[in-house]
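For the record, the sequence lines run as chains A and B. Reading the first sequence from the start, the letters are residues 1 to 270 in the UniProt record's numbering. Reading the second sequence from the start, the letters are residues 1 to 373 in the UniProt record's numbering. Notes follow the structure.
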Amino acid sequence: MSTATSETVDTQAEAAVEEEEKKQGTFARLWFQHYDLVILPMIVILLLLFLFLYVGTRDLDTIEVRVLAFDNVQGLLAQHLYLVLISTILVLVIAVPVGILLSRRSARRLQGPVLAIGGFGQALPPFGVLLLMAFAFSFGPTTAIVGLTLAALLPVLRNTVIGLQQVDQSLIEAARGMGMTSRATLFRVEVPLAVPVIVAGLRVALVLNVGTATLASYIGAGGLGELVQQALRLNRINVLLVAGGIIAALALLIDWLAGVAERIVVTRSG
Amino acid sequence: MSDTADQTVVVPESGAGRSDMIVLEGVEKIYPGSTQPAVSQLDLAIAQGDIVMLIGPSGCGKTTTLKMINRLIEPTAGRILLDGKDVTHVNGDQLRRQIGYVIQQGGLFPHFSIADNIGVVPKMLGWDKQRIKERADELLHLVGLEPSTFRDRYPRQLSGGQQQRIGVARALAADPPVMLMDEPFGAIDPITRDRLQDEFLEIQRTVGKTIAFVTHDLQEAVKLGDKIAVFATGRLEQYADPDTILTRPANDFVSDFVGGGAAVRRLSLVELAHLELHPIETDEKAADSRNGVAVAEVDGSGKPVSWRHLPGADAAGTPLVTVPISGSVYDAVDVMLDGSASLVAVVDDEGRAQGVLHWNDLVGGLRTRKGDA
Chain A
1 MSTATSETVD
11 TQAEAAVEEE
21 EKKQGTFARL
31 WFQHYDLVIL
41 PMIVILLLLF
51 LFLYVGTRDL
61 DTIEVRVLAF
71 DNVQGLLAQH
81 LYLVLISTIL
91 VLVIAVPVGI
101 LLSRRSARRL
111 QGPVLAIGGF
121 GQALPPFGVL
131 LLMAFAFSFG
141 PTTAIVGLTL
151 AALLPVLRNT
161 VIGLQQVDQS
171 LIEAARGMGM
181 TSRATLFRVE
191 VPLAVPVIVA
201 GLRVALVLNV
211 GTATLASYIG
221 AGGLGELVQQ
231 ALRLNRINVL
241 LVAGGIIAAL
251 ALLIDWLAGV
261 AERIVVTRSG
Chain B
1 MSDTADQTVV
11 VPESGAGRSD
21 MIVLEGVEKI
31 YPGSTQPAVS
41 QLDLAIAQGD
51 IVMLIGPSGC
61 GKTTTLKMIN
71 RLIEPTAGRI
81 LLDGKDVTHV
91 NGDQLRRQIG
101 YVIQQGGLFP
111 HFSIADNIGV
121 VPKMLGWDKQ
131 RIKERADELL
141 HLVGLEPSTF
151 RDRYPRQLSG
161 GQQQRIGVAR
171 ALAADPPVML
181 MDEPFGAIDP
191 ITRDRLQDEF
201 LEIQRTVGKT
211 IAFVTHDLQE
221 AVKLGDKIAV
231 FATGRLEQYA
241 DPDTILTRPA
251 NDFVSDFVGG
261 GAAVRRLSLV
271 ELAHLELHPI
281 ETDEKAADSR
291 NGVAVAEVDG
301 SGKPVSWRHL
311 PGADAAGTPL
321 VTVPISGSVY
331 DAVDVMLDGS
341 ASLVAVVDDE
351 GRAQGVLHWN
361 DLVGGLRTRK
371 GDA
């Protein structure tokens, strides 16, 4: 192979450059590639800081003090996160396997109808669904979680189907051609390559759920919506400001976390 | 086999007594929802160590045929034998692990490192980690890529040509006796493709696999193939060595397919090393004494630089062009046309003159050396 020698020289030079980069430290490289990720948390921290300073300068009456007490806010925040987390996990557990099944050759004709039903679920106003479900079944967190799950099912389901669809057919053919079973091809080639798209769908579902979960308080499931309700009921504008600020900050932070996860997944799977 | 058997005298390396590695017997494929068979009643035998090029227009069944050999596509009828064993009904996944498979652009998994890509089949065969790693390094060497640099890279960090080399290395990983290649060099730029083809032949010289190779490029088929199978809409029209396909097409379809350039294409099959060349003299003392011999001026390292004397021609007005003896007559013609010269000096690896090829030799008929093809 006559070309081998010249190429080896090239690659050795490249290797030397890479060695140099390694010396500069992986931290510097990570910072250079992902510094944009720092912007959003900083904005959120500033927002919360301003909120805190503003409320701190106000004379709060006893009702406001009681509602804004750390224990109360923390409890509602925990409830809120619980609703979001459980419903998102349910979405993941239901939508990903269903999406994988729908992408199999034998089930492809079901894709259209199932995605249409998913779209129907997403198009229904979540508030109405939560209320109707509460009257039909029961008030409380369980119903809220079921409602949230239904509302956020579609993005993950659709992205799973699309993610699997866009896997290069020639890679599947290469895998089968080398003797991978269809199951091994699915789990070692197709799903790993679809993960970035699935995670993008999951991010949408998460953000959707953080917002929708504020409505859960209307059916007695608690959450930060409760804080909003209390503020409105008691006509306390300071409480309303704090409630709105926390909900917005939470949505932004969760979106940010999912974005970080998405980026990790994308860099991993090339 | 019968038609190669009578040529054994001419082509020593395809000696007699080799068994057929791949045999297709009455193989047929009718796709569901179609009445016309994609491949009909195909009989094809590929001898061990041969490269057989499957060629034909789009939709002629060449890819279907290839994929039926490893049963990616199940034949509707007929038998497939691999090394004498009927594999028509064995487990397809197990079978495919015994057959190397290369597709266009390599088909490398983007989320696997290069070493992991090469190790796919060995891993499925249950090799231990150390052995897989050693094998990957060995194969990277074989395809001319430095293991320490490339083994931990990802496919996207490689050029198209490098990816294709990895594709070949991956197919060779478990040392399968048979390789199937589906237009592996199809999507690569012409210069890189040419180099990859040369390297591929080089590798084949050391590994000696039995290879079925789908292409749509006649040039490639002629260059790489020991034999060529020309397909037309599901039928095998002719199956013979490249020279026969070019000079004696079996029917109108093949002659149409081969096209008008057959005589020129054939030139690339004739290697200069096998030709009886005109003598060339570089000794200065002999310059005036021998009238019938071309004499060239040489530089310090013995490389010819210009003509001192040409029999029946103006030496000063004729540029001296050279072609390496490892090339084909096609290369020599190319050099002559390019340099506007009516003759070309054939040189060895060190650049020393070995002989002369005249333009007139092409028209008058090329003489091959005795005892050589």
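We put the beta carbon where it would ideally sit given N, CA and C, even for glycine.
To the nearest angstrom, how far is the alpha carbon of residue 245 (chain A) from that of residue 230 (chain A)? Their Cα atoms are separated by approximately 15 angstroms.
Is residue 329 (chain B) helix, strand or coil when you go by DSSP? Residue 329 (chain B) carries a helical assignment under DSSP once its states are collapsed to helix, strand and coil.
Test: residue 252 (chain A) CB closer than 9 angstroms to a CB of chain B: Chain B contact via Cβ: absent.
Helix, strand or coil at residue 280 (chain B) according to DSSP, with G and I counted as helix: Looking at residue 280 (chain B) - three-state DSSP - the assignment turns out to be strand.
Contact criterion: CB-CB distance below 9 angstroms. Does residue 96 (chain B) meet it with respect to chain A? Yes - at least one Cβ of chain A is within 9 angstroms of the one on residue 96 (chain B).
Within the continuous beta strand (DSSP E) that includes residue 59 (chain A), where are the two ends? No beta strand (DSSP E) contains residue 59 (chain A), which DSSP labels as neither H nor E.
DSSP on residue 133 (chain B), reduced to helix/strand/coil? Residue 133 (chain B) falls in the helix class under three-state DSSP.
If you count every other CB in all the chains shown that lies within 10 Å of the CB of residue 50 (chain B), and 16 or more means buried, which is it? Residue environment analysis places residue 50 (chain B) among the buried positions, since at least 16 neighbouring C-beta atoms fall within 10 angstroms of its C-beta.
Secondary structure of residue 101 (chain B), DSSP reduced to three states: In this structure, DSSP gives residue 101 (chain B) an extended state, which the three-state scheme calls strand.
How about residue 124 (chain B): is its C-beta nearer than 9 angstroms to some C-beta of chain A? Yes, contact with chain A.
For chain B, is any of its Cβ atoms less than 9 angstroms away from the one on residue 64 (chain A)? Answer no: the Cβ-Cβ gap between residue 64 (chain A) and chain B never drops below 9 angstroms.
Whole angstroms are fine: how far does the CA of residue 181 (chain A) sit from the CA of residue 102 (chain A)? When only Cα atoms are considered, residue 102 (chain A) and residue 181 (chain A) end up about 19 angstroms apart.
Pull out every residue of the segment 197-215 of chain A whose Cβ sits closer than 7 angstroms to any Cβ of chain B, in chain order. Cβ contacts with chain B: none found.
Quick check: the Cα distance between residue 237 (chain B) and residue 223 (chain B), rounded to an integer number of angstroms? Between residue 237 (chain B) and residue 223 (chain B), the C-alpha separation is close to 20 angstroms.
When you check each C-beta in the segment 163-177 of chain A against every C-beta of chain B, which residues fall closer than 7 angstroms? Within the segment 163-177 of chain A, the residues whose Cβ lies closer than 7 angstroms to some Cβ of chain B are 170, 171, 173, 174, 176, 177, listed in chain order.
Beta-carbon proximity check, residue 216 (chain A) vs residue 154 (chain A), cutoff 9 angstroms: Contact check for residue 216 (chain A) against residue 154 (chain A) fails: the beta carbons are separated by 9 angstroms or more.
Under 8 angstroms, CB to CB, which of the residues in the segment 109-140 of chain A have a partner in chain B? Result list empty, no residue passes.
Straight-line gap, residue 123 (chain A) to residue 70 (chain A) (C-alpha atoms, nearest Å): Rounded to the nearest angstrom, the two C-alpha atoms are 37 angstroms apart.
Neighbour list for residue 374 (chain B) in chain A, Cβ cutoff strictly below 8 angstroms: The requested residue 374 (chain B) is not part of the displayed model; chain B covers only 1 to 373.
Considering residue 359 (chain B), what are the terminal residues of the alpha helix (DSSP H) in which it resides? For residue 359 (chain B), the enclosing alpha helix (DSSP H) covers residues 359-364.
With DSSP collapsed to three states, give me the class of residue 73 (chain B). Coil, per DSSP.
DSSP-derived helix/strand/coil call for residue 254 (chain B): If DSSP states are grouped into helix, strand and coil, residue 254 (chain B) belongs with the helices.
So, is residue 80 (chain A) buried or exposed, given that buried needs 16 or more other C-beta atoms within 10 angstroms? Per the 10 Å Cβ criterion, buried.
With 16 other CB atoms within 10 Å as the buried threshold, where does residue 137 (chain A) fall? For residue 137 (chain A), the number of other beta carbons within 10 angstroms of its own is below 16, and it is reported as exposed.
Residue nearest to residue 244 (chain B) in terms of C-alpha spacing, selected from B:20, B:228, B:308: Per the Cα distances, B:228.
According to DSSP, is residue 126 (chain B) helix, strand or coil? Residue state, collapsed to three classes: coil.
Could you tell me whether the Cβ atoms of residue 345 (chain B) and residue 321 (chain B) are closer together than 9 angstroms? Closer than 9 angstroms, so yes.
Tell whether a beta-carbon distance below 9 angstroms holds between residue 71 (chain B) and residue 26 (chain B). No, they are not a contact pair.
Looking at chain A, is there any beta carbon in it that lies within less than 9 angstroms of the beta carbon of residue 108 (chain B)? So yes, residue 108 (chain B) belongs to the interface.
Go to residue 209 (chain B), then tell me how far its beta strand (DSSP E) extends in each direction, as first and last residue. That residue, residue 209 (chain B), is in no beta strand (DSSP E); it is neither H nor E in DSSP.
Three or more beta-carbon pairs under 8 angstroms between the segment 169-185 of chain A and the segment 231-242 of chain A, yes or no? Flag = no, the segment 169-185 of chain A and the segment 231-242 of chain A do not touch.
Comparing alpha-carbon positions, which option in A:62, A:165, A:252, A:56 lies nearest residue 104 (chain A)? Check the Cα spacing between residue 104 (chain A) and each of A:62, A:165, A:252, A:56: the tightest is with A:165.
Helix, strand or coil for residue 189 (chain A)? Go by DSSP, reduced to three states. Look at residue 189 (chain A) here: in three-state DSSP terms it is helix.
Assess, as a yes-or-no matter, whether the segment 261-272 of chain B is touched by the segment 325-336 of chain B under the definition of 3 or more beta carbon pairs within less than 8 angstroms. Verdict: yes, contact present.
Where residue 142 (chain B) and residue 252 (chain A) are concerned, what is the direct C-alpha to C-alpha distance, given to the nearest angstrom? Taking the straight line from one Cα to the other gives about 53 angstroms.
Determine whether the Cβ of residue 180 (chain B) lies closer than 9 angstroms to any Cβ atom of chain A. Answer yes: the Cβ-Cβ gap between residue 180 (chain B) and chain A drops below 9 angstroms somewhere.
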